[in-house]
Each structure stands twice: as structure tokens, then as C-alpha cells.
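Going down the list, the sequences are from chains A, B and C. The first sequence begins at 177 in the working numbering and counts up by one. The second sequence begins at 5 in the working numbering and counts up by one. The third sequence begins at 616 in the working numbering and counts up by one. All residues carry an ideal CB built from backbone N, CA and C; glycine is no exception. The structure displayed is predicted, hence computed values, not measured ones.
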Amino acid sequence: MVRLTLTGNYCVAYAVKLSRVKVVSAYPITPQTTIVEKISEMVDEGEADIKMIRVESEHSALSAVYGAASAGVRSFTATSSHGLLYMHEMVWWVAQARVPLVMAVVTRTIGPPWNIWTDHHDIMGQRDTGWLIAMTENNQEVLDETIKLFKITEDPDVYLPGIIGLDAFVLSHTVEPVEVPDQDVVDSFLPERRQPYVIKAGDPLIMGNIPSDLVRNAKMRWDVHVGLRSAEEVIERVDREWGKLTGRYYGGLAECYRCGDSKYLLIGVGSWVGDMRIAVDSLRDEGYPVGLLKIRYIRPFPVRRVYEAVRGSKGVIVFDRSISAGSAGPLFLDVASHIHALRLGVPVKNVVAGLAGVDVGYRDFQLIVRRFVEEVEREGWVTEFLEFYPGR
Amino acid sequence: MQQCRYELPLSRPKVGVQGATGGWRIRRPVLERGKCIGCGLCWLYCPDSTIDVEEEGGRFRVSIDYTYCKGCGICSSVCPTKAITMVSEV
Amino acid sequence: MRVPLTIRELPREKYVLPGHAACPGCPEAMGLRYVGMALGRRAILVIPAGCTSIIQGLSPGSGLAFPILNVAFASSDAVAAGVSVAKEILGEDAVVVVWAGDGATSDIGFATLSGAAERGDNIIHICVDNEAYMNTGIQRSSQTPRGAWTTTTWRGKAEPKKNMPLIMLSHGVPYVATASIAYPLDFIEKLRRASTIRGFKYIHLHAPCPVGWRFDPSETVEIARLAIETGMWVLFEAERGKVTISPPSRPYADKSRRKPIYEYIKRQGRFRNITEELIKELEKEVDEYWSILIKLSSQ
């Protein structure tokens, strides 16, 4: 193990190298570019044995790695924002073809106007597709979870592709000290690649022609959902394994931070969870009985973990860094609907903040949460369930 | 093919995947063996692989699979000796 | 001196199986048989949306006996590039072939095609050209010739056919060829030659469609042949940019030996509204294209 100071993007590159990825294909877009630049450099320096396909668009990037992955090799791509939107058709294709592969999404807002800073609109737009979607809080988690995703996606109970999300600039371009595991440690952790089928010469296997039985096609689609549900157990198991190997266990699908004895629960996803932690600690010092549920996987959505954390709460406040325009924040929609379905009558508030890269720090969280707790204590419920926090 | 617990969009080759396509015909190719010189052009051009040939004394012996022949008439059109005639089936 | 291929030497394994879903007289089905004869078990096909997507018939069966990845419309060459790289990494012998229609090649898939050509990805791209979006019901593509009726050009297409062979020659790739389903041996030879070359190979296969062009299904080969005899379609190949007119087209370098264009046009219902003026325009296009090819082939 070696300690290095790395940006989030470089952490992705190191993870890709350590995971013995064989094919990388990507198209440049800020703020993903330094992932691919680093991988290119590693290849040219002889540090990584990776074939790069330098494509002419993101649609072709995911197409190329899909081809390589269907043909039997571990493959990877990375993108952001408009690039992710451009390849969106292929995002669906890969999941429904059930080809395991890993893609990094450096979460960046969507234009117009042109804007390179972070919010979660791009990654949230993928949540129906059938991909596993992991989000990270710090660079160590980026490195660790990327390696884990190769193992999780290639598990026969899963056999679906996975996204590793990291916030633009906050993580992608910010340097943090990280522990980089040795190659032999990762080799002992990651088995040889497995996938449900391989396209090869001499074996007339046909993928994708029209089904005669629509019921069978419907089952395929439902099976993508079943695969994601089965992934929950795999995610937990793989995280524990990683914890034993490196001393770093992240809590699996979600991490409960001081939420065991809390009365008010914050729920959030992404790098700003780090600021939520600080806010929780300082609010606790002020006497507010608050806790935090850090969502690590947007998909599969950790229904049971959310239920366990929410049960017994007097109020839940869900922070979304994107809005499903015309409805509410996507994380809130997942939380509120599921806890209602499981019959928890707990007030849930949605605060949409940090859009278009507006910075939201622990002071903002303190402000918002104090107001929320006071309101629920006073009224017994939330008066406005959806609030836009424009920033200070 | 399926060693996977999940339903996959996979297929294997199948003769007659669209059923007995011979039922599509409104005319059928009829071979007059006396005129056939065994050149194999009908086999070469048939879009449906429903003409089969066997080597027989330096020439091809032609047979037609009427279960699947769609009656397009290309074989008749390319035959240099007009050994194949398209006969109406309606 | 190349020894020409004969029918007798062709393998008879069926890669296109009886009972598939193609229309009677379909040139794509014919073309696929020739791919099977040329490449056999080595071929892996990447097939974007188009007629052949349907010709395969209904899953879990398939009327084609190749390993096939059916793929999204705009993705084919990139997918094939990935497959090709993976097979090399795994040390498996394979010839990765994109089997794409004219729409998937020159319209929606143009970027992925050009990208793969520029990168020199080790694949063969076959454009099976029936000159319109036939699978979706005969809508015009950039490959539809001037004057042709389609459901989106009822009075006949105003723009000329985009010249893909010249565009691909300009990419400087190691092998560019044109072919026709009327000349299967020529096509098979070209495919086999392409499969021995490393890098990006492009073969443009002219494929007259009875349904979309409005002629009797028995006439597919005849119409394809007339395209050559009138000079409307030219068979050539170019290795490393050196153009050679293929034997079936050689006589027609001499304009006086070309059949009148009207011989080709009058057989197709899609040209029923053609005017004298349009025929002259088409003739001019043919002359210009031939003069470019003759110039390129004499260098």
C-alpha cells in the first residue's frame, strides 16, 4: 500500500489500472478529461496494459466499450453531463444486454447555459436505466468503490453495468491524501472476469433480435430490476470483504452517521455529505438530536436501510442536488414513496440546493436543518414539503 | 446458452424461423431437368438458400426446397437455359 | 495475376437459413449468403437497425447462423472496433464485420463510420445499399438517387446520391471497394481480400430492393446488372488508394458502350415521374463520377 495525494479523477485512473481493465474508450469532456489523460499516461509509461480506443463521440465511447465487454474483456469509460446525455441510448442498451462494465460519471450540470460545475441532473437522469449507481463522498471512496464495482457488476447474481459517480471539481479536481492498495491485494480481491455470454467467432450466438414472445421480453426487463435488487446483498458483502482487506468498510448501500439515536434525519448523496457530517456534529453540540443517512447507492435504492433509519424519526429532511422538474427532487421521490409504501407516517421535507454548482457548505446545512427541526417541533409536520434553497 | 438466472435477449440459428415461408408463394419454380446444364447459378443467386446443389459428374444436380421457397423467381430469371419456369399457384 | 474464383469452389454451408423473414427477392439476404461464403466461421457480425434486423426473424430463433450483435442505429462501427480489439487481446481469430444499410452508414452512423476509418480500426464495414430507409417503409436517405420516389420524396428526391465510395477513399483507408449482388464472385473475392488486410476496410454493396424500387422480385439481379451496364454503379477496388476498375465494369469506362440510363430507370417504379431533364442530370453525374475514377485508376 502506498500513500499518495490524488485528485478524484486520478483515483479513478488508479482504480482502473489496479482492476486490470483491458479496454478504455472515452471522449473528452470537462471535468472528466484528466481521468483519461492519466490512463493514457499510464499506458504510455508501460504502467498499465490497456488498449485505448480514442473515439469521436461519447455515443461511440460507450458503444466501443460495450463491444469489447460483449466480446469478453473488462472495459471502462468515463463521461459527464452532455456526454452522458449523448450516450444515453447506449446506457439503456448496455443494461438490457446485461453486459457488465463500469463507467465513471463526473457529475456536472446541464446547459444551456454552458456550465462546468456540479449538480446531479446528469447522473439522476440515468436512474431508470438498470445500471447500478454509486455516489462518493471523498477521493478514497472513489478509488475503493471503483474497484469494488468491477467485482459487484461481474457477480452472477448481478450481471449489470455500474456507474461510479463523483462530483465535478469538488472531488474530481481536488487533491486529497489516499491509500492506494497494492496490485496483489486487488488481484486477490478481484476474480477473473465473468459475464453471462460472450460473442465469439465460430459460435453462432445472436443477441438482440425481435422476440416472438413479448411476455419473455417483459421478463427480461423485470429481471433487470431483480438483478438490481439482488445486487444489494452483493454490495454489502463486497464492502465487508473490502473492509477486511483494507480496514475501510463504508456501510454497504448506505452509512448511518449518528442516526441510531437521532430524532431528525438528514438524507443526502454525493460529496456534500461531508459538509452534512460537520453540520450534524455541530448541531448535536447545540442540542439538536440529528443524524445523517448517507446514501451510497442511488440504484439499487436502499429501501430497507432508509426504512430502518427513518423509523422512529420525528422528521426527515432529504437534500437533492437536482430537481425532476415539475415534480420534486429524485432522492426525495424515492425516499418518500418507499417509506409511505412501508407505512411510515413520518414528515419528509425536500430541500433542493446546490444546483448549477452553487456551493452549499456546512453553515447552509445548519441553517436549513435548524429551521426544519423548529418547524416540525412547532407544527408537527412540514408546511411546505418542497423548498428551493438558492444559496447565500 | 442460458447458464444465467436472468432472462437474456439471446437466440440461436433456426431453419424456418418465420415458419414455412413456402406459404408466401403465389408462383412456384418448376425445373425441367432436360434443359438444366448444372451451372449452379440458381443456387448462387437464391436469396433464401432454398436451392440445394450436389456435385454429380462435374455438374450440379439441383433440388428445390418448396417448404421454404418464396417464389421470387430469381432462379428462373438467371437460368441461362430457361430450365426453370415460374408457374402460378393461385 | 489473380486466379478468378469459380462457383464450384464456393463453400455450401448455410449461414442464411431457409425460412427467414426477408421479402421475396431480397438482395440483403443474397449479400449475407456471400458473406458466409467468403468468411465462414471467422465472421462476427455487428448489425445496426435495418432490414437485416428483421430478416433474422423472431427470437429465440434466428434465420442467420453467424455470431451477431444487434446494435443501436448510430453505434455500429464503434461497437465493432471494441469487439475487434477484444478479440485481439484474447488472441482469438475473428473477422469483425459491420453489416449496415445505407442509412446506418451514411446518415445516422456517419460519425461512427468516419471515426473508425480515421482511427484505422481493424474491421470491415459493408454498406448494403438499397438506397432508402426500407425497413421503416421506404423513406429517403442520403443514398437515394436524384429523382427517385420515396414516401418522403413523393415528387422524386431533389438531391444527388451522396458519393460514399469517394468519401471513404478520401479517408485514406487501406481498402475501399464497391460491389453488387449481381456479381457475387467479385464480392466474395473482395471480402476475402479485405479480410487479409489489417486496418479499416469499406465495401459498398449495391442492393436493388424490389419493394422499395418497385420492380418484380424476380428482377433483382437483372436490375443490379443494369446498374453496372449503364454505368450508374461502378465496380472498383482501391488498395492503399490505388484504384482498379473491376472486370465487370471495365467495358463501361468507354461511354459509348454504356447502355442508355433510361434502360435502368424505366424498369423501376420509383422513377415513374422521371423527366428528360432529370435523366440528363443523372447522365452528367455518371460521366463525372466515371472521369474521377478513371483519373484515379490511371495514377
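Check whether residue i and residue j have beta carbons under 8 Å apart
{"i": "C:Ala747", "j": "C:Gly678", "result": "no"}
{"i": "C:Ala653", "j": "C:Leu806", "result": "yes"}
{"i": "B:Pro51", "j": "C:Ala644", "result": "yes"}
{"i": "A:Val318", "j": "A:Gly184", "result": "yes"}
{"i": "A:Met266", "j": "A:Leu308", "result": "no"}
{"i": "C:Lys772", "j": "C:Pro760", "result": "yes"}
{"i": "C:Ser861", "j": "C:Glu852", "result": "yes"}
{"i": "A:Asp304", "j": "A:Ile286", "result": "no"}
{"i": "C:Gly672", "j": "B:Gln22", "result": "yes"}
{"i": "A:Asp320", "j": "A:Arg424", "result": "yes"}
{"i": "A:Val374", "j": "A:Gly243", "result": "no"}
{"i": "A:Gln359", "j": "A:Leu194", "result": "yes"}
{"i": "A:Ser513", "j": "A:Gly505", "result": "no"}
{"i": "A:Gly467", "j": "A:Tyr433", "result": "yes"}
{"i": "A:Val449", "j": "A:Gly491", "result": "no"}
{"i": "A:Arg472", "j": "A:Met311", "result": "yes"}
{"i": "B:Ser15", "j": "C:Ser674", "result": "yes"}
{"i": "B:Gly26", "j": "B:Thr89", "result": "no"}
{"i": "A:Glu551", "j": "A:Val545", "result": "no"}
{"i": "A:Leu520", "j": "A:Tyr483", "result": "yes"}
{"i": "B:Cys40", "j": "B:Thr54", "result": "no"}
{"i": "A:Asp331", "j": "A:Val275", "result": "no"}
Nearest-angstrom beta carbon gap, residue j and residue i [assumed within contact, 8 Å]
{"i": "C:Gly724", "j": "C:Ala689", "result": "5 Å"}
{"i": "C:Ser583", "j": "C:Val858", "result": "Beyond the ends of chain C as shown, which are 616 and 914, falls residue 583 of chain C; an answer cannot be given."}
{"i": "A:Phe365", "j": "A:Pro207", "result": "Not quite, the Cβ-Cβ distance comes to about 29 Å (not below 8 Å), so this is no contact."}
{"i": "C:Ile739", "j": "C:Ala792", "result": "Contact doesn't hold; Cβ gap of about 10 Å is too wide."}
{"i": "C:Met930", "j": "C:Ile876", "result": "The requested residue 930 of chain C is not part of the displayed model; chain C covers only 616 to 914."}
{"i": "C:Ala719", "j": "C:Ala664", "result": "7 Å"}
{"i": "A:Val334", "j": "A:Ala224", "result": "With a Cβ gap of about 25 Å, A:Val334 and A:Ala224 do not count as contacting."}
{"i": "C:Leu854", "j": "C:Tyr790", "result": "This sequence places Glu at residue 854 of chain C; Leu is not what is there. That pair is a contact at about 6 Å."}
{"i": "A:Val400", "j": "A:Leu336", "result": "7 Å"}
{"i": "A:Val200", "j": "A:Thr253", "result": "7 Å"}
{"i": "A:Thr322", "j": "A:Ile340", "result": "5 Å"}
{"i": "A:Val362", "j": "A:Leu182", "result": "Contact flag wrong, Cβ pair sits at about 16 Å."}
{"i": "B:Ile68", "j": "B:Leu35", "result": "7 Å"}
{"i": "A:Ile205", "j": "A:Thr283", "result": "12 Å between Cβ atoms; not a contact."}
{"i": "C:Gly646", "j": "C:Tyr630", "result": "The pair is not a contact, with the Cβ atoms about 11 Å apart (cut-off 8 Å)."}
For residue i, the residue or residues it bridges with in DSSP
{"i": "C:Arg885", "result": "DSSP lists no partner for C:Arg885."}
{"i": "C:Glu816", "result": "Strictly speaking, residue 816 of chain C in this sequence is Lys, with Glu absent from that position. C:Ile739, C:Tyr790, per the DSSP bridge assignment."}
{"i": "A:Gly341", "result": "A:Val281, A:Met311"}
{"i": "A:Gly467", "result": "A:Leu441"}
{"i": "C:Ser674", "result": "A:Pro387"}
{"i": "C:Lys857", "result": "C:Glu854"}
{"i": "C:Trp714", "result": "C:Ile741"}
{"i": "B:Ser67", "result": "B:Asp56"}
{"i": "B:Val21", "result": "Answer is none; B:Val21 lacks a bridge partner."}
{"i": "C:Tyr748", "result": "C:Gln754"}
{"i": "A:Gly428", "result": "In DSSP, A:Gly428 forms no bridge with anything."}
{"i": "C:Thr835", "result": "The partner list for C:Thr835 (beta bridge, DSSP) is empty, contrary to what the question assumes."}
{"i": "A:Ala529", "result": "A:Tyr565"}
{"i": "C:Ser795", "result": "C:His821"}
{"i": "A:Gly491", "result": "A:Tyr440"}
{"i": "A:Tyr473", "result": "A:Ala310"}
{"i": "A:Lys227", "result": "A:Val199"}
{"i": "A:Asp496", "result": "A:Val528"}
CB contact below 8 Å: residue i versus chain D
{"i": "B:Leu14", "result": "Any reference to chain D falls outside this structure, whose protein chains are A, B and C."}
Self-check item: Inter-stretch contact (C-beta, 8 Å, three-pair minimum) for the region 366–384 of chain A and the region 653–671 of chain C
Solution: yes
Quiz item: Is the region 811–824 of chain C close to the region 619–637 of chain C, with three or more CB pairs under 8 Å?
Solution: no
Self-check item: Segment contact, 8 Å Cβ cut-off, at least three pairs: the region 898–911 of chain C with the region 880–887 of chain C
Solution: no
Exercise. Scan the region 41–73 of chain B for residues whose Cβ lies nearer than 9 Å to a Cβ of chain A and list them as they occur along the chain.
Key: none
Quiz item: Hey, is the region 392–409 of chain A in contact with the region 7–15 of chain B, meaning 3+ C-beta pairs nearer than 8 Å?
Solution: yes
Quiz item: With contact counted as at least three CB pairs below 8 Å, one residue from each stretch, are the region 269–280 of chain A and the region 520–529 of chain A in contact?
Solution: no
Quiz item: Are at least three pairs of beta-carbons, each pair with one atom in the region 616–626 of chain C and one in the region 73–92 of chain B, less than 8 Å apart?
Solution: no
Quiz item: Quick check: the region 828–835 of chain C against the region 70–79 of chain B, are there 3 or more CB pairs under 8 Å?
Solution: yes
Quiz item: Below 8 Å, can you find three or more Cβ-Cβ pairs linking the region 726–744 of chain C to the region 224–239 of chain A?
Solution: yes
Quiz prompt | Chain-ordered residues of the region 468–502 of chain A with a beta carbon less than 9 Å from chain C | solution = none
Exercise. Scan the region 656–681 of chain C for residues whose Cβ lies nearer than 8 Å to a Cβ of chain A and list them as they occur along the chain.
Key: Arg656, Arg657, Ala658, Ile659, Val661, Ser668, Ile669, Gln671, Gly672, Leu673, Ser674, Pro675, Gly676, Ser677, Leu679, Ala680, Phe681
Quiz item: When you check each C-beta in the region 249–266 of chain A against every C-beta of chain C, which residues fall closer than 8 Å?
Solution: Val249, Ser251, Glu265, Met266
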